[in-house]
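Peer 1:
Protein chains in written order, with full-length UniProt numbering: chain F, 1 to 92; chain Y, 1 to 246.
Below you can see the structure in the form of structure tokens.
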């Protein structure tokens, strides 16, 4: 099934594009997706999302269909889901 | 509460017609104080719009002198004030627009030593600082003192805004429980982007003070001005938040 990804700010910068589509297998959950994306988009992406111990950096917002979800939430992905990863911004 | 003078009634005539605002709302603006920190690309425009709208008192916190690189976005800074204190330039420009405005200029950025006092002097805080350390201090004090805080921010052609109402909404630390690691002090910016989100920030402050409309409570409005994609995202309080304890 296909998942649409959107990226903002520094996450967009390290991915090199504002959106992407990935194909995942049935039953994949949010944590598995984000871990796998670290392999797809490389170390800089992984460093923004996860600390040295592999723990998720919760200041990166996860938005699914216009609502914030937490990394620890039990979210099973569904075909056509749109997930936005938002890097925190502070420009003034 | 101080009432509007004949001059003020004439000045604000057109906005007095806004439904649910009127003379009473305008008097609330006149009798209110807003802290704006800093007065850069965002804060300059927030302060200017609030001055135009007839806010009674602005507290402006911003350290340093005007630099050439300020002038693409910091609309209260002027070329003839290069090398001189930013808050003086801001005060001068705001007084040109609204000589009735009371301004408390603080030539410092928000820090551990001044945050409690400056937030305590304000009715509403508009957070327009370029560093998360300053934003987190304002958020902490706003939550502790029960003051609403409008948090607006931008990066490149992206911008976002939310309004924190202590006891009712997620606070900034619910949103960002840890120090963001990827943020850098220098960020790509057009003044038109910071100015756009700043106008929304000023409007949030006006709504909170006057008491009409629906502030962005538990909502994060995001804008991508590259694609003109605008969304309102539902955000939530974080269990065990270190600041608001929600």
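Think of the CB as a built atom: it goes at the ideal place given N, C-alpha and C, for glycine as much as any other residue.
Taking the C-alpha atoms as reference points, what is the distance between residue 67 of chain Y and residue 154 of chain Y?
Peer 2: For residue 67 of chain Y and residue 154 of chain Y, the distance between alpha carbons rounds to 20 angstroms.
Peer 1: For residue 238 of chain Y and residue 148 of chain Y, which I take to be in contact (beta-carbon distance under 8 angstroms), what is that distance rounded to the nearest angstrom?
Peer 2: Actually they are not in contact, since the Cβ atoms of residue 238 of chain Y and residue 148 of chain Y sit about 19 angstroms apart, beyond 8 angstroms.
Peer 1: Nearest to residue 146 of chain Y by alpha carbon, out of Y:221, Y:231, Y:123, Y:157?
Peer 2: If we check each option's Cα against that of residue 146 of chain Y, Y:123 comes out closest.
Peer 1: Where are the beta strand (DSSP E) runs, 3 residues long or more, that stay fully inside the stretch 13 to 101 of chain Y, in chain order?
Peer 2: The stretch 13 to 101 of chain Y contains these whole beta strand (DSSP E) runs: 33 to 37, 57 to 61.
Peer 1: In the DSSP assignment, what are the bridge partners of residue 153 of chain Y?
Peer 2: BP columns for residue 153 of chain Y point to Y:160.
Peer 1: Is residue 176 of chain Y close to chain F? Criterion is C-beta to C-beta, closer than 7 angstroms.
Peer 2: So yes, residue 176 of chain Y belongs to the interface.
Peer 1: Less than 7 angstroms separating the beta-carbons of residue 98 of chain Y and residue 51 of chain Y?
Peer 2: Yes; because the gap between Cβ atoms is below 7 angstroms, this pair is in contact.
Peer 1: Would you identify the three-state DSSP class for residue 16 of chain F, choosing helix, strand or coil?
Peer 2: In this structure, residue 16 of chain F counts as coil in the three-state DSSP scheme.
Peer 1: When DSSP builds the beta bridges, which residues end up paired with residue 61 of chain F?
Peer 2: Residue 61 of chain F is bridged to F:86.
Peer 1: Within the 7 angstroms Cβ cut-off, does residue 234 of chain Y reach chain F?
Peer 2: Closer than 7 angstroms to some Cβ of chain F, the Cβ of residue 234 of chain Y qualifies, so yes.
Peer 1: Which of the three DSSP states is assigned to residue 105 of chain Y in this structure?
Peer 2: Three-state DSSP puts residue 105 of chain Y in a strand.
Peer 1: What does the Cβ neighbour count give for residue 17 of chain F, buried or exposed, with the cut at 16 atoms within 10 Å?
Peer 2: Its Cβ having fewer than 16 others within 10 Å, residue 17 of chain F is exposed.
Peer 1: Report all residues from its chain with a CB closer than 6 angstroms to the CB of residue 143 of chain Y; omit the five preceding and five following residues, and keep chain order.
Peer 2: 166, 171, 243, 244.
Peer 1: List the residues of chain Y that residue 62 of chain F touches, going by C-beta distances under 9 angstroms, in chain order.
Peer 2: Near residue 62 of chain F there are no residues of chain Y at all, since even the closest Cβ is about 10 angstroms away, more than 9 angstroms.
Peer 1: Let me confirm a value: residue 23 of chain Y is counted as buried when at least 16 other C-beta atoms fall within 10 Å, else exposed. Which label applies?
Peer 2: Classification of residue 23 of chain Y: exposed, given that the 10 Å Cβ count is below 16.
Peer 1: So, using beta-carbon positions, are residue 220 of chain Y and residue 235 of chain Y closer together than 7 angstroms?
Peer 2: Contact flag set, yes.
Peer 1: Beta-carbon of residue 25 of chain F versus every beta-carbon of chain Y: anything under 7 angstroms?
Peer 2: By this cut-off, residue 25 of chain F is not an interface position.
Peer 1: Quick one, are the C-beta atoms of residue 21 of chain F and residue 8 of chain F less than 7 angstroms apart?
Peer 2: Cβ atoms of residue 21 of chain F and residue 8 of chain F: not closer than 7 angstroms.
Peer 1: Using a Cβ cut-off of 9 angstroms, pull out every chain F residue sitting near residue 160 of chain Y, in sequence order please.
Peer 2: Near residue 160 of chain Y (Cβ distances below 9 angstroms), the residues of chain F are 8, 86, 89.
Peer 1: Taking 7 angstroms as the CB-CB cut-off, is residue 40 of chain Y touching chain F?
Peer 2: For residue 40 of chain Y, the answer is yes, since a Cβ of chain F falls inside 7 angstroms of its Cβ.
Peer 1: Terminal residues of the continuous alpha helix (DSSP H) containing residue 25 of chain F?
Peer 2: Per DSSP, residue 25 of chain F belongs to no alpha helix (DSSP H) and is neither H nor E.
Peer 1: Please report the distance separating the alpha-carbon of residue 164 of chain Y from that of residue 150 of chain Y.
Peer 2: Their backbone Cα atoms lie some 6 angstroms apart in a straight line.
Peer 1: Does any residue of chain Y have a CB that is nearer than 7 angstroms to the CB of residue 68 of chain F?
Peer 2: True, the Cβ-Cβ gap to chain Y drops below 7 angstroms.
Peer 1: Please check the pair residue 43 of chain Y and residue 128 of chain Y, which I expect to be a contact at CB under 8 angstroms, by giving their CB distance rounded to whole angstroms.
Peer 2: With 8 angstroms as the limit, residue 43 of chain Y and residue 128 of chain Y qualify as a contact, their Cβ atoms being about 4 angstroms apart.
Peer 1: Find the residues of chain Y that neighbour residue 48 of chain F, judging by a C-beta separation of less than 8 angstroms, and give them in chain order.
Peer 2: Residues of chain Y passing the Cβ test: 181, 182.
Peer 1: What residues in the stretch 119 to 134 of chain Y have a beta carbon less than 9 angstroms from any beta carbon of chain F?
Peer 2: Hits within the stretch, in order: 127, 128, 129, 130, 131, 132, 134.
Peer 1: Tell me, please, whether the stretch 203 to 216 of chain Y touches the stretch 16 to 30 of chain Y by the rule of three or more beta-carbon pairs shorter than 8 angstroms.
Peer 2: The stretch 203 to 216 of chain Y is in contact with the stretch 16 to 30 of chain Y.
Peer 1: Is the CB of residue 190 of chain Y under 7 angstroms away from at least one CB in chain F?
Peer 2: No, residue 190 of chain Y does not count as interfacial toward chain F.
Peer 1: With DSSP as the reference, label residue 243 of chain Y as helix, strand or coil.
Peer 2: Three-state result, residue 243 of chain Y: coil.
Peer 1: Name the chain F residues whose beta carbon is nearer than 7 angstroms to that of residue 155 of chain Y?
Peer 2: Per Cβ cutoff of 7 angstroms: 9, 89, 91.
Peer 1: Hey, how far is the Cα of residue 51 of chain F from the Cα of residue 196 of chain Y?
Peer 2: In a straight line, the C-alpha of residue 51 of chain F is about 34 angstroms away from that of residue 196 of chain Y.
Peer 1: Let me make sure I understand the geometry here. Which of Y:5, Y:232, Y:53, Y:69 has the alpha-carbon closest to that of residue 14 of chain Y?
Peer 2: Checking every option, the nearest Cα to that of residue 14 of chain Y belongs to Y:53.
Peer 1: Does the beta carbon of residue 59 of chain F come closer than 7 angstroms to any beta carbon on chain Y?
Peer 2: With 7 angstroms as the cut-off, residue 59 of chain F counts as an interface residue toward chain Y.
Peer 1: Using a Cβ-Cβ distance cut-off of 7 angstroms, determine whether residue 212 of chain Y contacts chain F.
Peer 2: It does not: the Cβ of residue 212 of chain Y has no partner Cβ on chain F nearer than 7 angstroms.
Peer 1: Among the candidates Y:200, Y:5, Y:223, whose CA atom is the shortest distance from the CA of residue 214 of chain Y?
Peer 2: Of the candidates Y:200, Y:5, Y:223, the one whose C-alpha sits nearest the C-alpha of residue 214 of chain Y is Y:200.
Peer 1: Using a Cβ-Cβ distance cut-off of 7 angstroms, determine whether residue 187 of chain Y contacts chain F.
Peer 2: Chain F, which has a Cβ nearer than 7 angstroms to the Cβ of residue 187 of chain Y, makes this yes.
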